[in-house]
Amino acid sequence: MTQQASKLVIVTEKLLLKQVAKIIEEAGATGYTVVDAGGKGSRNVRSSGGPTVSETDSNIKFEVLVPTREMAVKISDEVASQFFDDYSGIAYLCDVMEVLHAHKF
Amino acid sequence: MTQQASKLVIVTEKLLLKQVAKIIEEAGATGYTVVDAGGKGSRNVRSSGGPTVSETDSNIKFEVLVPTREMAVKISDEVASQFFDDYSGIAYLCDVMEVLHAHKF
Amino acid sequence: MTQQASKLVIVTEKLLLKQVAKIIEEAGATGYTVVDAGGKGSRNVRSSGGPTVSETDSNIKFEVLVPTREMAVKISDEVASQFFDDYSGIAYLCDVMEVLHAHKF
Amino acid sequence: MDFLSDFLMRFLTQLQSPTLGFLIGGIVVASLGSRLSIPDAAYKFIVFMLLMKVGLTGGQGIRDSNLAEILLPAVFAVAIGILIVFIGRYTLCALPKVKVEDGIATAGLFGAVSGSTLAAALTILDVQGVSYEPWAAALYPFMDIPALVTAIVLASIYTKKQRDTAGGYPNEQPDTAGGYPNEQRITARGYPKRDTASKRVKIWPIVKESLQGSALSALLLGLALGLLTEPKSVYDTFYNPLFRGLLSVLMLVMGMEAASRLGELRKVGQWYAIYAFVAPLLHGFIAFGLGMIAHYITGFSLGGVAILAVIAASSSDISGPPTLRAGIPSANPSAYIGASTAVGTPVAIALGIPIFVGLAQALGG
Amino acid sequence: MDFLSDFLMRFLTQLQSPTLGFLIGGIVVASLGSRLSIPDAAYKFIVFMLLMKVGLTGGQGIRDSNLAEILLPAVFAVAIGILIVFIGRYTLCALPKVKVEDGIATAGLFGAVSGSTLAAALTILDVQGVSYEPWAAALYPFMDIPALVTAIVLASIYTKKQRDTAGGYPNEQPDTAGGYPNEQRITARGYPKRDTASKRVKIWPIVKESLQGSALSALLLGLALGLLTEPKSVYDTFYNPLFRGLLSVLMLVMGMEAASRLGELRKVGQWYAIYAFVAPLLHGFIAFGLGMIAHYITGFSLGGVAILAVIAASSSDISGPPTLRAGIPSANPSAYIGASTAVGTPVAIALGIPIFVGLAQALGG
Amino acid sequence: MDFLSDFLMRFLTQLQSPTLGFLIGGIVVASLGSRLSIPDAAYKFIVFMLLMKVGLTGGQGIRDSNLAEILLPAVFAVAIGILIVFIGRYTLCALPKVKVEDGIATAGLFGAVSGSTLAAALTILDVQGVSYEPWAAALYPFMDIPALVTAIVLASIYTKKQRDTAGGYPNEQPDTAGGYPNEQRITARGYPKRDTASKRVKIWPIVKESLQGSALSALLLGLALGLLTEPKSVYDTFYNPLFRGLLSVLMLVMGMEAASRLGELRKVGQWYAIYAFVAPLLHGFIAFGLGMIAHYITGFSLGGVAILAVIAASSSDISGPPTLRAGIPSANPSAYIGASTAVGTPVAIALGIPIFVGLAQALGG
Ligand SMILES: Nc1ncnc2c1ncn2[C@@H]1O[C@H](COP(=O)(O)O)[C@@H](O)[C@H]1O
Ligand SMILES: Nc1ncnc2c1ncn2[C@@H]1O[C@H](COP(=O)(O)O)[C@@H](O)[C@H]1O
Ligand SMILES: Nc1ncnc2c1ncn2[C@@H]1O[C@H](COP(=O)(O)O)[C@@H](O)[C@H]1O
Ligand code: NA
Ligand code: NA
Ligand code: NA
């Protein structure tokens, strides 16, 4: 048996890694995957400190498989309300056709 | 002419990079993309060795465009049956609206 | 209010980072996210220079949320026509269910 | 007259030091668009090595020191750290087009301390044969932490007052460099505004955050190891001999950084640039003056006075920015990092160090 | 009495070495939640440098050695490596809440060798002026590989037996620390269980895997270069002078690691902690005893005996874990890495090295 | 006879140098499938250190030099750089199964210069006590840039001509190593073919691109700092003493690279391998001959002649490949990088350096 799900994607500043992870866990998601990312958005004028000369990624991208749209909105609302006034970030939801294999979902 | 496809995503332990890549190639996929990833799942208690103090990603995320759901299931079944008893990992399938440009697909 | 969008994904050689970013910006996208990636495709025989012994990723993956399919095709056509004769690369379009939070979209 | 010519001569000699050469080299190379880069891992490791060396030197030195002597300079360091932020609060923040939070954060960064600038000053003092108390480098945290804490506290008092008077969202201040129009923002639910009204600023978490940062951790670890173990063998074969060379690489990185941040600084307006040019020297002179008081009262060495002045003149480059980003999230990092990295640090190194070391030498005869 | 007081004094002196200071510093710093970190690239490069230096020293030394001498110590090294795994198999695995695969893997890791612990011992021996055969470091692979091979073979014999008796899936053992409930698992097709019943354990691939690992490769490459080329110029200007300093950084990393792995160890139960505390010393004493036999029979130096004991006391930190992860995939890495990194290595360095070096000195007069 | 035996003896001695030992060690280790690797950041930092040292040496030396002397060798360097590309254009490209663009790019890479090969040669000259002009390393860009520019210009003239005669798409050349069948290609709209017919090749951007590359930037920065500042203190404590050791690590990386690129080279055909074996020696001898002319006319030292020959024999490994990838995008990088890294560089280091240094010594008496 496989299962339908959605994928919530959040791209935001690296500094927020632990805090966003905590929100995701507290919302009851079974896990998350996170990758280092660079990027440009409306706030790209904001610097992240740390030497740019030594090429560093300053964003992170979270991907969270969630069983319902509600959980996704709960997570992204929490993240946005806590951080998106002051930090750059974007959150969107994708459709996952099916979860083929997972230890727990 | 563009073409419909699905995207199979597999997140698993870095250690399995070569073995998973081999399975993907043998299943006849035209290619794959792989990124370093961190993450947390049901088995996060399992350590991957290597110093965590020096921040390292210990997962990898494969993305494979496949023409049919069958090929995706073939790959993920093979990966899951060989590795998911002993290693952490997840596999899911996303819809790709269309492949716009590719050297071979 | 949330908004529908598509996600254009372009995987190509790292060397083209700045040039592809410029095309994306000029097409009017509100931003992009980019991650380092490895991968294999039809042209994998082509080397990217730089020591392979010291494990390096030689691809980059762009993800661009675009409001319309037209903008995606415009970007990917431009990228493909300028680079895909001589450089390896792939471009595809995914559906985004909704953009939940964004500073500007 | 004699004093002045003496000072000028010493100042000019110091301009030819490799430290400065590498800094300027970095600026030039980056301005010319070179793709030269020092890998991030190498940069971080070098910073660790330098701070560890500074700490080990201090720790080994403290053992034979009369610790009562450190009291007055340490008190002065705390006072200067706090003073610098208040100066910024009532000068920089009063200027047109400077958002108050941005100004406070900038002043906080200039009050905080740069380990690399400190390392450069110690090298010059050693080369010039100016002696100083071995514990002088340990003044670093005494200025760094109070400055950051003061900035964060001032900023949250300001934010709270704004909210209370405006009765609403503090960012609705018009026409600011760092403000973003909210019109096009998409939200899934119209998320509720944070209710931070009830939050009181706690000082201990900010102090802890500073102490846990990589720069202060390395320095304090070095101090502790120097004080408690016998690190002479590794110090003499590793940390000390590599010091100057690693510093030259770091100066190169800082030069490249300065050039690449100039664009950011330009976006936030010229007032930041003017502040960033004047502030290091002003802060340094204030500290030099207070240091001289300690010199006359407790016999604080002239070399130590120069170190106090350089610490004041420097602005934090490693652990200050993330601390401020977390502590004053509404401030625009381009403003404070741009001001500090693109102008403040080069001024502190290229002008500040030669001036204050030259002064110490001239006064010392 | 005299022997004991002599030993105790030497033991205490060695506690003040910078090696140990950095290790403890790392533990403290990480426990206090510091964000200090050594970049991964720097860590890997340092490990390479140390193993290359150890190899070069050995290789240059072997040239003038009588290679017949190495035979008995090498045979003992192999025997100890195998013995350690069997000891673990019949003690640790017999304890409550210890899954057999996890216990075997842990014993394998404690049988294998840590290059950094070895490097630390060599430094202490040099500082203390205790002489040893230049080829003694070359005993490393003779203990490391047999231990890993034995562990993997024992584990697969066990797994096979389990499957044969249970007639089914070996993981259906109830109530284990590392087991995961399978209820919620999603599978697209209900993939077929692996049919590993017919697989026989092949030894050569495991040996090859070990030899190809980065740690053994660097050591053996250094040995070969020391033996076959004239590396004196680079050895004297680079690998040798930097050795102690790089080791101090590595000790810092290992201390930080130990602190951060403690949590993992706690999850797998206290029996691992007890084993990890006792095993290094027990293994070291066994090896010391065998080494003394070689001392009396073939004149193996007391310094060499101490090295053999430290090699036995150490547990692998670099190449052991991935080899075991691949070789005994069903074992829980948190168990064996936690036990080794959080307790085993600090015990081997902080107690093992001073004890065995002190013993060698006391016995040597 | 005497000359020949003298030369042979010197040649053999140099074969035992650690430089070569590490190169061969790297080849062997990688061929045996070892997972040993030097982190990318360490590799990049080492390259920076070596080029900076070479630059600093040159810059400090130039000060006391008669700069008129450099004129003739520099003109020869430019001529050799251009000549090498033309030789490749009319030999390699004429061979069967060699695509013209691939051949030109390969010749360009062999005309360009490898900083690491140059560093290896300087070490050997120092060890052997052969003296050379301090500015000789500054010949690097004089050969490197003209070679890359010539290759890119030749390639675009060829591409343009092809398009004009074929009246169409230049890639429709059948049966080439690097060609890909286009049948299966997916395109959203059938994108329009690039209209590059009107593009003229501009030389300045290529020169700028080369100068901005990390290798040349580091070298030129070092030259400038050596010339304009007083870097003696950092040079003597850091860049110079670490030079040989870092070079040994770099040689190891290059050896591992060579082994891992062999597969790529095999795919593009044996002609590349033959060219890559012969070209370094041929180019070196041509340069040695021209250098001897300068020796007789302007007194260019024999050590300098050897350096000119090694520069010619070397093929670029750091900044050449990306410049060519951007400048001749239709050429297959596997061809030129494979040829250069897998065969060209080992030949230049293992045979070229001993031959040309040995020749210089033998001629010098
Ligand atoms: N249209 C977009 N497509 C993909 N990623 C985006 C887009 N807009 C913003 N992002 C990502 O979100 C981050 C924050 O955006 P912002 O808050 O607008 O500065 C950027 O740095 C990008 O990585
Ligand atoms: N709900 C989820 N959403 C996104 N990624 C997940 C999720 N669950 C697990 N993962 C990823 O899959 C990896 C293995 O999961 P597990 O096997 O459950 O430990 C984790 O480390 C995550 O990177
Ligand atoms: N079927 C595929 N699925 C996922 N990624 C692919 C696929 N084919 C190609 N790629 C990616 O696109 C890059 C360029 O492909 P190519 O131009 O075919 O060499 C590869 O290196 C992969 O990262
Ligand atoms: Na300051
Ligand atoms: Na052991
Ligand atoms: Na050349």
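Residue numbers (the working numbering), protein chains in the order written: chain A, 1 to 105; chain B, 1001 to 1105; chain C, 2001 to 2105; chain D, 3001 to 3365; chain E, 4001 to 4365; chain F, 5001 to 5365.
Heads up, the beta-carbon is just placed ideally off N, CA and C, and yes, glycines get one too.
Kindly indicate if chain A contains any beta-carbon less than 8 Å away from that of residue i.
i        : result
I4186(E) : yes
Y2032(C) : yes
With a threshold of 8 Å between beta carbons, is residue i in contact with chain C?
i        : result
A3259(D) : no
D1085(B) : no
A1091(B) : no
A1072(B) : no
A5068(F) : no
A5348(F) : no
Chain F beta carbons: is any one of them nearer than 8 Å to that of residue i?
i        : result
Q4060(E) : no
G4213(E) : yes
F1062(B) : no
G3041(D) : In the sequence as presented, Gly is not what sits at residue 3041(D); that position holds Ala. Yes, contact with chain F.
Would a check of beta-carbon distances place residue i closer than 8 Å to chain B?
i        : result
P2014(C) : Note that residue 2014(C) is Lys in the sequence shown, not Pro. It does not: the Cβ of K2014(C) has no partner Cβ on chain B nearer than 8 Å.
P4329(E) : yes
M97(A)   : yes
A2080(C) : yes
Ligand 6 heavy atoms versus the CB of residue i: any closer than 7 Å?
i        : result
I5084(F) : yes
I5311(F) : yes
F5285(F) : no
Does the CB of residue i have a neighbour CB from chain E at under 8 Å?
i        : result
G5245(F) : yes
A102(A)  : yes
K3053(D) : no
For residue i, is the beta carbon positioned less than 7 Å from some heavy atom of ligand 1?
i        : result
H1101(B) : no
Taking 7 Å as the cut-off, does the CB of residue i come closer than this to any heavy atom belonging to ligand 5?
i        : result
M4143(E) : yes
F4356(E) : no
S4340(E) : no
At a cut-off of 7 Å, is residue i close to ligand 4 when judged by its beta-carbon and the heavy atoms of the ligand?
i        : result
V3113(D) : yes
Within 7 Å: the Cβ of residue i and any heavy atom of ligand 2?
i        : result
G1039(B) : yes
Y5275(F) : no
Those runs of the alpha helix (DSSP H) which lie wholly inside the region 4091-4125 of chain E and span at least 4 residues: Positions of the alpha helix (DSSP H) runs, each at least 4 residues long and wholly inside the region 4091-4125 of chain E, are given as 4100-4111 in order along the chain.
Given 8 Å, three or more beta-carbon pairs between the region 3328-3337 of chain D and the region 3148-3168 of chain D: The region 3148-3168 of chain D and the region 3328-3337 of chain D touch, with three or more beta-carbon pairs separated by less than 8 Å.
Touching by the beta-carbon criterion (3+ pairs, under 8 Å), the region 2077-2090 of chain C and the region 1080-1087 of chain B: The region 2077-2090 of chain C, when compared against the region 1080-1087 of chain B, does not touch it at the 8 Å Cβ threshold.
Alpha helix (DSSP H) segments (min. 4 residues) lying fully within the region 4030-4057 of chain E: Contiguous alpha helix (DSSP H) elements confined to the region 4030-4057 of chain E do not occur, taking only those with 4 or more residues.
Stretch pair the region 4063-4073 of chain E + the region 4240-4254 of chain E: three plus CB contacts closer than 8 Å: The region 4063-4073 of chain E is not in contact with the region 4240-4254 of chain E.
The region 4108-4125 of chain E / the region 4143-4157 of chain E touching (three or more Cβ pairs under 8 Å): Taking one beta carbon from each stretch, the region 4108-4125 of chain E and the region 4143-4157 of chain E have 3 or more pairs nearer than 8 Å; the two touch.
Stretch-stretch touch, CB-based, cutoff 8 Å, three pairs: the region 4017-4033 of chain E with the region 3046-3054 of chain D: The region 4017-4033 of chain E is not in contact with the region 3046-3054 of chain D.
Runs of alpha helix (DSSP H) lying entirely within the region 5268-5298 of chain F, each at least 4 residues, in chain order: Taking 4 residues as the minimum length, the alpha helix (DSSP H) runs contained wholly in the region 5268-5298 of chain F are 5270-5298, in order along the chain.
Touch test, the region 10-27 of chain A against the region 83-96 of chain A, Cβ-Cβ under 8 Å, three pairs minimum: Contact check between the region 10-27 of chain A and the region 83-96 of chain A: three or more CB pairs, one atom from each, fall below 8 Å, which counts as touching.
Contact between the region 3245-3262 of chain D and the region 3079-3089 of chain D (3+ Cβ pairs under 8 Å): The count of Cβ pairs closer than 8 Å, one atom from the region 3245-3262 of chain D and one from the region 3079-3089 of chain D, stays below three, leaving the stretches out of contact.
Three CB pairs or more closer than 8 Å across the region 5335-5344 of chain F and the region 5264-5275 of chain F: Taking a contact to require three or more Cβ pairs closer than 8 Å, the region 5335-5344 of chain F and the region 5264-5275 of chain F qualify as touching.
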